[in-house]
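One structure is given below, encoded as structure tokens.
In this note's numbering, the protein residues as written are 63 to 748.
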């Protein structure tokens, strides 16, 4: 493969986000016309260069820091200016902030010199309006010609998008795309240069929501300070990742991640909303409604649409990836798990207190999703939910591990579709039971049918999926097209906990495996065991560690009483959070903790990523052990005691839209304040 077709790396870039706009630059604050650097807006790169210099010279960077949920500060020096001597006397702070449909930057040039300082400041700008998939593919792009407009203004236009950069008090050189300022600082003086990027993009399918986040922002204290630090940074990132469709701007969901997936993703958006239920049900409700409006109504092999199916991703236009034949329609349905996850998100939001009047309009969509499970999810009739891309241009793998090589046998060979993934059978089992509970509660027919479906699926899974491996019995990753168990040991088994598909002994066996060094020896849960031939710690899905995947396993382990295994994985994830400055990336390396004192970044990982940030809320929920069932009038408390959290207090969690405070002492005793009337605390049934 030619170098120019390699996906660009971004692990060392600094991201600033207010969805659907994001800026990715070098750590010194320079936006250079290389790789994935740029300002992106709704699937287009609207700025590919913004390089600031004094007297034509690069500055010397000394550091950067977040500056609120949508900003960053970059600090540099100009040591050739100012007083002679070892100490620098001219400092430059670039304070960058992403705003709706654009970006602002203040450049503070500050002198502590005894004499006046004179310099020429320039900002070299470039724009290519390249689609994000072209950037992701590593393709060369062509810069557009800048045009001058109002004084101090440059502009570019293509594909219906207009980009304007305005420099306050700047001279404009349109032929070079440059803004220029002449500055003069008196002794111990300073000057602030300001420029602004504005984007006019009427064809964008996603926009910034007009309201502040609906979820609560809890106040947390814990013996382990990493928990509160991770939660604080994660909530800032989640705030920045909020999106809405242009035609329904008040219906908020979370964009999956920066820069590749900053749009509606069925699976990602739902998992993140589900993880945030302890902070309120509003995000879950709006995510459910947004996806319900786009629920499938017809059979279309190219898009993967089927009646009742929940969409995978939404783009402004066809997504074409160079080199692998991938061509995804703007609205693409190629996912096997989004539909059962939609059912369970509706059920879980109901248990956290989503009002009946918000559930009733979604019941026809629930019934359509269950019909999809019955009529379309098992095309060969073998009793398992499976996928097969019929278009030849869609995703070959359609579970959450959707890379082309993610489904491997223990010997490293690839499984061939159609493929029935283990965790998807768990999702289907849980969706059948959850759907039955909702149908019964709202006097709709079909509950008994779906309980029988779940019982039959559990029996078939027990007979076909369990295999023997180097560590003993475990659920296989999948069944391949010949119904052979794909016998690798992977993190997918962690998603089975809490679905009801496993009995108590099987759940205990899975818990033991998840805590084994082969899966848990890194900073979280490896996606594949080190004993499998396909294991590679820097692969996308075969040995790396994903924060959300680890969090799902932690949540299932804690809820079913496997505290030691949950605590081990939680400690690893907190260690990773500390290493990544509490902004957990999409994924990171699965190297052993005994070999490296900090996890290696996966060089092309999105950061921030919605379900990685939402993992912090899962850790908080498991620490305090809060499990409500509002329709049953019950709240269960089962805190995860001992390491790594110790004593924990969380204020302003929410149950049935009421703020509640939970405190857990070092002995594991818990108290709750603010419980809504009609709810009682009861022992949790494991």
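Glycine residues also receive a C-beta, built at the ideal position from the N, C-alpha and C atoms.
**Message:** For residue 741, count the other beta carbons within 10 Å of its own beta carbon; 16 or more makes it buried, fewer makes it exposed. Which is it?
**Reply:** buried
**Asked** Name the DSSP bridge partner or partners of residue 126?
**Response** 136
**Message:** So, does the segment 227-244 touch the segment 631-646, judging by three or more C-beta pairs under 8 Å?
**Reply:** no
**Request:** Return the residue from the list 84, 378, 510, 547 that minimises the CA-CA distance to residue 303.
**Result:** 84
**Asked** How about the segment 452-469 and the segment 403-419: do they share at least three Cβ pairs that are nearer than 8 Å?
**Response** no
**Asked** Are the beta-carbon atoms of residue 173 and residue 152 separated by less than 8 Å?
**Response** yes
**Message:** Residues in the same chain with beta-carbon distance under 8 Å from residue 636, minus the five sequence neighbours each way, listed in chain order, please.
**Reply:** 286, 288, 289, 292, 681, 706
**Item:** Extent of the continuous alpha helix (DSSP H) to which residue 689 belongs
**Value:** Per DSSP, residue 689 belongs to no alpha helix (DSSP H); it is in the beta strand (DSSP E), 688-691.
**Request:** Would you identify the three-state DSSP class for residue 373, choosing helix, strand or coil?
**Result:** coil
**Request:** Taking only the alpha-carbon atoms, compute the straight-line gap between residue 63 and residue 653 and give it to the nearest angstrom.
**Result:** In this predicted model, residue 63 has a pLDDT of only 40, less than 50, meaning its place in the structure is not dependable enough to derive any value.
**Prompt:** For residue 656, is the classification buried or exposed, using 16 other Cβ atoms within 10 angstroms of its Cβ as the cut-off for buried?
**Reply:** exposed
**Request:** Could you pull out every unbroken alpha helix (DSSP H) segment of at least 4 residues lying fully inside the segment 568-614, listed in chain order?
**Result:** 579-582
**With 16 other Cβ atoms within 10 Å as the buried cut-off, status of residue 611** = buried
**Prompt:** Where do the N-terminal and C-terminal ends of the alpha helix (DSSP H) with residue 420 fall, by residue?
**Reply:** 418-421
**Asked** Buried or exposed: where does residue 748 fall if 16 or more other Cβ atoms within 10 Å of its Cβ makes it buried?
**Response** Because the pLDDT at residue 748 is just 49, under 50, the model does not fix this residue reliably, and the value given afterwards should be weighed accordingly. When all chains shown are included, residue 748 counts as exposed.
**Message:** On the DSSP bridge list, what partners appear for residue 394?
**Reply:** 375
**Request:** Keeping to the same chain, check which residues put their C-beta closer than 8 Å to that of residue 737; ignore five residues upstream and five downstream.
**Result:** 697, 717, 720, 722, 743
**Message:** So, under 8 Å CB-CB, residue 199 and residue 392 are touching, yes? Tell me the CB distance rounded to an integer number of Å.
**Reply:** Actually they are not in contact, since the Cβ atoms of residue 199 and residue 392 sit about 18 Å apart, beyond 8 Å.
**Message:** For residue 229, which residues in the same chain have their Cβ closer than 6 Å to its Cβ, ignoring the five residues on either side in sequence?
**Reply:** 214, 241, 257
**Request:** List the DSSP bridge partners of residue 158.
**Result:** 134, 167
**Message:** Buried or exposed, going by whether 16 or more other CB atoms sit within 10 Å of the CB of residue 459?
**Reply:** buried
**Item:** Classification of residue 210 by the beta-carbon crowding that lies within 10 angstroms, buried from 16 upward
**Value:** exposed
**Sequence-distant residues of the same chain with beta carbon closer than 8 Å to residue 695, five excluded per side** = 740, 741, 742
**Prompt:** Relative to the C-alpha of residue 305, which residue among 387, 298, 316 is closest?
**Reply:** 316
**Euclidean distance between Cα positions of residue 450 and residue 479** = 6 Å
**Request:** With a threshold of 7 Å, establish whether the CB of residue 463 neighbours any heavy atom of the ligand FMN.
**Result:** With respect to small molecules bound, the structure shown includes none, and the ligand FMN cannot be examined in it.
**Item:** Backbone secondary structure at residue 64 - three-state DSSP
**Value:** In this prediction, residue 64 scores a pLDDT of 42, lower than 50, which makes its location untrustworthy; the coordinate-derived value is nonetheless stated afterwards. Residue 64: coil per DSSP, three-state reduction.
**Item:** Alpha carbon of residue 378 to alpha carbon of residue 102, nearest angstrom
**Value:** 13 Å
**Message:** Report the start-end ranges of each alpha helix (DSSP H) in the segment 301-373 that is 4 residues or longer and not cut off at the edges.
**Reply:** 328-337, 344-355
**Message:** Within the continuous alpha helix (DSSP H) that includes residue 412, where are the two ends?
**Reply:** 400-413
**Request:** Starting from residue 511, trace the alpha helix (DSSP H) both ways and give me its first and last residue.
**Result:** 509-526
**Local conformation of residue 142 per DSSP, three classes** = coil
**Message:** Just to confirm my understanding: we take residue 678, look at its own chain, exclude 5 residues before and 5 after, and list those with CB closer than 6 Å. What are they?
**Reply:** 292, 293, 296
**Request:** For residue 491, I'd like the list of residues in its chain whose CB is within less than 7 Å of its CB, leaving aside the five on either flank, ordered along the chain.
**Result:** 516, 519, 520, 561, 562, 563
**Request:** Indicate whether the contact test is met: 3 or more Cβ pairs, each with one atom in the segment 534-544 and one in the segment 598-615, closer than 8 Å.
**Result:** no
**Request:** Could you tell me whether the segment 339-359 touches the segment 114-121, using the rule of 3 or more Cβ pairs below 8 Å?
**Result:** no
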